[in-house]
């Protein structure tokens, strides 16, 4: 489902009596992104049209287009926010901590109660729609998993320069991706059989710690 390039349809908003509620830009944008996230998780990308999102948040399409240049920009912002909520960046506060602790920080996904089981459904929606929306799929990858990989690769690169690891500097990106796969497991398995492969938080932490230990045992100088 697509939207007209011209945001001239204000009929998606039911008329309400009384004085309109005033919201700042950040609050209004948050409501739109919340609605888009829920809609994608429940219905998939095709049905997450600007008109449908506008009806959900009781705004006009014109209002939404003042916040986002296009539907693709809206969806891209939605997934970028999900990535920022789930994945961690490097913490300057633990820069002097042992490498194992710094990697543990990065490889711990933030608990996001508002998303519940949405990440799995969102991943399914993205994979299904990637051939139709290749630019959006690449943008999601860049702001999500690849962003985390880059943070981990920088940790590995700096540890290599300090002599903590015996890695070829050119291999740090690949090593970071390998470590992520070890820690998080195969996403395809989770999509196909979530009951079997979506582990408890305790099991995920145990897997993460085991992955870091095995990786560092193999990467440290002999």
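Numbering (the working numbering), first residue to last: 1120 to 1341.
Glycine included, C-beta positions come from ideal geometry on N, C-alpha and C.
Check	Outcome
Identify which residue in 1331, 1339, 1338 has its Cα closest to the Cα of residue 1219.	1331
Counting only runs of 3+ residues fully inside the segment 1280–1329, write out the beta strand (DSSP E) ranges in chain order.	none
Helix, strand or coil for residue 1218? Go by DSSP, reduced to three states.	helix
Less than 8 Å between the beta carbons of residue 1206 and residue 1266, yes or no?	yes
Ordered along the chain, which non-local residues of its own chain (more than five positions away) have a Cβ less than 7 Å from that of residue 1284?	1275, 1278, 1338, 1339
Check this for me: beta carbons of residue 1271 and residue 1301, under 8 Å apart or not?	no
Taking the alpha-carbon of residue 1225 as reference, which of 1239, 1319, 1204 has the nearest alpha-carbon?	1204
Just verifying my parser: in three-state terms, what is the DSSP assignment at residue 1177?	coil
Please report the residue range of the alpha helix (DSSP H) in which residue 1250 lies.	Looking at the DSSP string, residue 1250 is not in any alpha helix (DSSP H), and its letter there is neither H nor E.
Quick check: the Cα distance between residue 1223 and residue 1280, rounded to an integer number of angstroms?	20 Å
Would you mind sorting residue 1195 into buried or exposed? The rule is 16 or more other CB atoms within 10 Å of its CB.	buried
Alpha carbon to alpha carbon, how far is residue 1167 from residue 1242?	15 Å
Between the Cα of residue 1254 and those of 1190, 1159, 1213, 1147, spot the shortest distance and give me the residue it belongs to.	1190
Tell me, to the nearest whole angstrom, how far the beta carbon of residue 1239 is from that of residue 1313; I am working on the premise that it is less than 8 Å.	6 Å
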